[in-house]
Amino acid sequence: MRIQPGWRVALMVLLLYNAIVFGTWAAFGADYRYLSSAENALTQLLLPMGLGTLLVTLAVTWLGWWRPATTETLARPAARWPLWALSAAMLALSAANLAAVPWAALAPAHVLMLITACALVGFNEELVTRGVVLTCLRGAGVGEAGVWFWSCLLFGAMHVPNALFGMPLAAGVLQGTLAFVMGGALYALRRTSGALWLPMALHGLWDFSSLCLKASGGASAYAVYCQFATYLLAIAAVPALLRRRTSA
């Protein structure tokens, strides 16, 4: 490691990443409700995500943190059920969304932009919060319960400013709260899979399926059940992992 992990580094990377995303949105007059439309996907999704990827890739490379940021340094927990249960719930939601998309309403180029942008979202947000931030928290000597809490809190906080771009304030706060819970699911997947790659992939797929459904005007009758099943599983998984870690 070139730089010793600590709070200052975590906040700097987090703030710079968000400055790029929200700054790009402000420059293009983005409205969060229409980010995934064919007219906006390039400038309001793909461009800020691409710039964000450049930032976090350069930052992690310069810091020398690729291994601790992407590979779990703690022993894999004895409780393995969160790995398959959370993966199944997230895959089920994505499948329910994608099955309900009227694909004829989306041009191939539009779908390709959404695939690329959402892959970058999964890569960026996981590498920032459950990569850099998590590494900094552990390096600063924060206990694992604090690592889970603060990384999820900052992940949730990243979503609240969406209220500045057309989303009602109450909806922005709700989205941030649900993102906090979802952060627990992604934290559990990192812990149980041993690396950050599975959370990145499932995060990107979840967002891709949701944005395709929204951009096409489709509706899924089953996705909401999978969504809340994921939240409930996350709420159950985190204490199980932390309890086993504490008693180990």
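Numbering of the sequence shown is given in my numbering, commencing with residue -7 and proceeding in unit increments. Note that beta-carbon positions come from the ideal geometry of N, C-alpha and C, so glycine has one too.
Query                                                                                                                                                        : Result
Report the CB separation of PRO94 from SER202 in whole angstroms; it is logged as a contact under 8 Å.                                                       : Not quite, the Cβ-Cβ distance comes to about 15 Å (not below 8 Å), so this is no contact.
Using the DSSP secondary-structure output, state which residues sit across from THR63 in a beta bridge.                                                      : ALA187
Do you know how far the Cα of ALA111 is from the Cα of THR169?                                                                                               : 23 Å
Determine the DSSP secondary structure at GLU31, reduced to helix, strand or coil.                                                                           : coil
In angstroms with no decimal places, state the Cα-to-Cα distance between SER239 and PRO231.                                                                  : In this prediction, SER239 scores a pLDDT of 44, lower than 50, which makes its location untrustworthy; no coordinate-derived value is stated.
To the nearest angstrom, how far is the alpha carbon of LEU233 from that of TRP(-1)?                                                                         : 24 Å
Take the Cβ of VAL216 as the centre, count every other Cβ of all protein chains shown within 10 Å, and call the residue buried at 16 or more, exposed below. : exposed
Taking the runs of the alpha helix (DSSP H) that are 4 residues or longer, which of them lie wholly in the region 163 to 220?                                : 189 to 208
Figure out for me which residue from LEU37, ARG122 and TRP76 has the closest Cα to the Cα of ARG59.                                                          : ARG122
Looking at the structure shown, is MET159 part of a helix, part of a strand, or coil, going by DSSP?                                                         : coil
So, at 7 Å on beta carbons, what are the nonlocal neighbours of SER86 in its own chain, with the 5 sequence-adjacent residues on each side left out?         : LEU197, TRP198 and SER201
For my contact list, ALA228 and THR63 are in at a C-beta cut-off of 8 Å; report their separation, rounded to the angstrom.                                   : About 25 Å; that fails the 8 Å criterion.
Do PRO74 and THR184 come within 8 Å of each other at the CB atom, strictly closer than that value?                                                           : yes
Just verifying my parser: in three-state terms, what is the DSSP assignment at MET150?                                                                       : coil
Output the distance between the C-alpha atoms of ALA84 and THR108, rounded to the nearest integer angstrom.                                                  : 21 Å
Using only the alpha-carbon positions, how far apart do HIS151 and GLN167 sit?                                                                               : 7 Å
Write down the C-beta distance between PHE147 and THR45 rounded to the nearest angstrom, noting that I regard them as a contact closer than 8 Å.             : Not really, about 17 Å apart at Cβ, beyond 8 Å.
Would you mind stating whether LEU205 and ASN89 have Cβ atoms separated by less than 8 Å?                                                                    : yes
Between LEU43 and ALA180, which are expected to be in contact by the criterion C-beta below 8 Å, what is the C-beta distance as a whole number of angstroms? : That belief does not hold up - the Cβ atoms of LEU43 and ALA180 are roughly 30 Å apart, past 8 Å.
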